[in-house]
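What follows is a single structure, written as C-alpha cells, with notes after it.
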Amino acid sequence: MRRSETAVRRSETAVRRSETAVRRSETAVRRSETAVRRSETAVRRSETAVRRSETAPGRDAGRSAALQAALDEVRARCAIEERRAQDPVSFVHRYTDPADQELVALLAASLAFGNVKALRAKIGEALDRLGPQIALTADDARAVSARLRGFRHRVYRDRDLAALLVGARRVQRASGSLGAAFAAELSRSRDLRQALGAWVRAIRRAGGLDRRPDDRGAAHILPDPEKGSATKRLMLLLRWMIRPADGVDLGLWPIPPSALLIPVDTHIQKLGYNIGLTDRRGATWKTAEEITAALRSFDPADPVKYDFALCHLGMLQQCPSRRDPVRCQGCGVKPVCRHWDE
C-alpha cells in the first residue's frame with residue numbers, strides 16, 4: 001500500500017515538473033518573441049536615423065536658427081520688472097552694500113525651493129529678523145542665532161540658516177568678499193565644479209555645518225556639487241553674482257559669464273528636453289552641462305543669459321510632457337517644441 005502511494009506521489013511530482021517545464025518553455029518562447037520585436041524596432045530606428053542623417057546638415061542648421069530665434073524672442077518678450085518682483089533675486093536688489101548683497105543672495109538662493117509664494121515669504125521673514133545690515137549682524141554669531149530662533153523652512157531649522165550666514169560672513173571677511181574667495185578657487189582649479197566644491201566646504205567649515213554631516217538640513221542648505229546634483233540653487237547664486245547687471249543679475253563677481261552653468265530645476269529640465277537642448281530626463285549636473293553647451297552655440301560669452309526668461313516661461317506655462325493646446329497656448333518656444341514641431 002505504501003509503495004503504491006509513493007508511486008502516486010512520484011507520478012504527481014513528475015507531472016508538476018513537466019508542467020513547470022512547459023511553462024518555462026512558453027516563457028522562453030515569449031522572451032524570444034519579445035527579443036525579435038525589439039530587434040525589429042531597433043532596425044526601424046536605425047533606418048530612421050540613417051534617413052535623418054541624410055538630411056541632417058540643412059535640417060540641423062535650419063532648426064538651430066529657428067531655436068535661437070525662438071529663444072531670443074522669449075528673452076525679448078520677458079517682462080523683466082514684473083517677473084523680477086516674483087523672483088527671489090528681488091530681495092538682493094533691496095540692498096546696496098556689496099557685502100550685504102552677497103549674503104542676501106546666498107540666503108535667498110539657499111531658501112529658493114518649493115512653492116514660490118511660500119519661499120518668498122520665508123526669505124522675507126528671515127531678512128526682517130536679521131535687520132537692515134546683514135553683514136554687520138552676521139559678525140556676531142550669538143546675535144544671528146538669537147534673531148533666527150524658531151525660524152523654519154521645510155527641512156531647515158534656525159541653526160542651519162545661522163551657521164550658513166556666520167560661515168559665509170567669516171569667509172567673506174577673510175577673503176574680502178565671497179566673490180573673491182570663489183574666484184581664487186576657480187583660478188586654482190580651472191574647473192567650476194571643483195572650485196564650487198572647495199568654496200562650499202570653506203563656508204561649511206567656517207560656520208560649523210560640517211560638524212553635522214548626518215543632519216538633513218545642514219547637508220541640504222549648502223550641498224556639495226561634486227556629488228552629482230545639478231545644485232540649482234548654487235548655480236542660481238552664481239548667475240546672480242556673475243552675469244552683467246541687466247536689471248535681474250548684478251555682476252558683482254570678477255568672473256566671466258562664460259564659466260557659468262545654467263541652474264537646472266524641473267522647469268528648465270522639462271523645457272530643455274522639449275526643445276532639444278538635452279536628451280536627459282533628470283535634473284543633474286550632466287543635464288546642466290548639456291543644456292549650457294547647447295546654449296553656448298548661440299552665445300559663447302554668455303550662455304545662461306536665456307535662463308531667467310526660460311525659467312519664468314516654464315513656471316507660467318507649466319511646461320507639459322505632451323501636446324496640451326490650453327497650456328501651450330502662447331508659449332514662445334512652441335514652434336521648436338518636440339511635441340509641436342512636426
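For the sequence shown, counting from 1, position 117 maps to 117 in the UniProt record's numbering; every step adds exactly one.
Ideal Cβ positions, reconstructed from N, Cα and C, are used throughout, including at glycine.
Worksheet item: So what does DSSP say about Ser321, is it helix, strand or coil?
Response: Correct three-state label for Ser321: coil.
Worksheet item: For the candidate residues Arg327, Asp265, Ser187, whose alpha-carbon lies nearest to that of Arg114?
Response: Looking at the sequence provided, one finds Gly at residue 114 rather than Arg. The residue with the shortest Cα to Cα distance from Gly114 is Asp265.
Fill in: Residue burial classification, Ala42 (beta-carbon count within 10 angstroms, cutoff 16)
Note that Ala42 scores 48 on pLDDT, short of 50, meaning its location in the model is unreliable; the coordinates nonetheless yield the value given after this. Around the Cβ of Ala42, a 10 Å sphere holds fewer than 16 other Cβ atoms; the residue is exposed.
Worksheet item: Just the Cα atoms here: how many angstroms apart are Cys319 and Leu71?
Response: Rounded to whole angstroms, Cys319 to Leu71 spans 15 Å at the Cα level.
Item to complete: List the DSSP bridge partners of Ser229.
Response: Secondary-structure assignment with DSSP links Ser229 through a beta bridge to Thr284.
Item to complete: Assess, as a yes-or-no matter, whether the segment 187-195 is touched by the segment 159-171 under the definition of 3 or more beta carbon pairs within less than 8 Å.
Response: Note that the segment 159-171 does not touch the segment 187-195; fewer than 3 beta-carbon pairs, one per stretch, sit closer than 8 Å.
Worksheet item: DSSP three-state call for His93: helix, strand or coil?
Response: In the three-state scheme derived from DSSP, where H, G and I count as helix and E and B as strand, His93 is classed as coil.
Worksheet item: If you follow the alpha helix (DSSP H) that Ala306 is part of, which residue opens it and which one closes it?
Response: Note on residue identity: the sequence assigns Tyr, not Ala, to residue 306. In the DSSP assignment, Tyr306 falls outside any alpha helix (DSSP H), carrying neither H nor E.
Worksheet item: Which residues in the same chain as Gln101 place their Cβ atom closer than 6 Å to its Cβ, once the five residues preceding and following it in sequence are excluded?
Response: Only Val92, Tyr95 meet the Cβ criterion.
Practice prompt. Rank Pro254, Leu295, Pro256 by C-alpha distance to the C-alpha of Gly272 and give the top, closest one.
Written response: It is Leu295.
Worksheet item: Of all the options Lys305, Arg338, Cys328, Ser321, which has the alpha carbon lying nearest to the alpha carbon of Arg75?
Response: Among Lys305, Arg338, Cys328, Ser321, the Cα nearest to that of Arg75 belongs to Lys305.
Worksheet item: Going by beta carbon distance, what residues of the same chain come within less than 8 Å of Arg129, once the five residues before and after it are set aside?
Response: If we look at Arg129 and ignore the five residues flanking it on each side, its Cβ neighbours are Arg147, Leu148, Phe151.
Item to complete: Give a yes or no on whether the C-beta atoms belonging to Ser177 and Pro98 are separated by under 8 Å.
Response: Contact flag set, yes.
Worksheet item: Hey, quick one: how far does the alpha helix (DSSP H) through Thr266 stretch, first residue to last?
Response: Per DSSP, Thr266 is one residue of the alpha helix (DSSP H) stretching across 266-274.
Discussion item. Quick check on the burial criterion: 16 or more other C-beta atoms within 10 angstroms. Buried or exposed for Gly197?
Written reply: Around the beta carbon of Gly197, a 10 Å sphere encloses 16 or more other beta carbons of the protein chains shown; the residue is thus reported as buried.
Discussion item. So, does the segment 63-70 touch the segment 226-236, judging by three or more C-beta pairs under 8 Å?
Written reply: Using a C-beta cut-off of 8 Å, the segment 63-70 makes no contact with the segment 226-236, since fewer than three inter-stretch Cβ pairs fall below that distance.
Fill in: Contact check, Asp224 vs Val200, beta carbons under 8 Å
Between Asp224 and Val200, the C-beta gap is smaller than 8 Å, which places the two residues in contact.
Fill in: Through-space distance from Thr284 to Val336, alpha-carbon basis
Taking the straight line joining both Cα atoms gives about 23 Å.
Worksheet item: If you run the structure through DSSP and keep just helix, strand and coil, what is His220?
Response: The answer is helix: DSSP assigns His220 an H, G or I state.
Discussion item. Going by C-alpha to C-alpha distance, which of Ala121, Val326, Ala195 sits closest to Ala85?
Written reply: Checked all of Ala121, Val326, Ala195; the closest Cα to Ala85 is Ala121.
Fill in: Alpha carbon of Thr55 to alpha carbon of Gly62, nearest angstrom
Legend: pLDDT at Thr55 = 40, less than 50; position of this residue unreliable, no value from coordinates given.
Discussion item. Closest to Ala174 by C-alpha separation, out of Asp139, Ala143, Ala195, Gly208, would be which residue?
Written reply: Checked all of Asp139, Ala143, Ala195, Gly208; the closest Cα to Ala174 is Asp139.
Fill in: Three-state secondary structure assigned by DSSP to Arg157
Per DSSP, reduced to three states, the secondary structure at Arg157 is strand.
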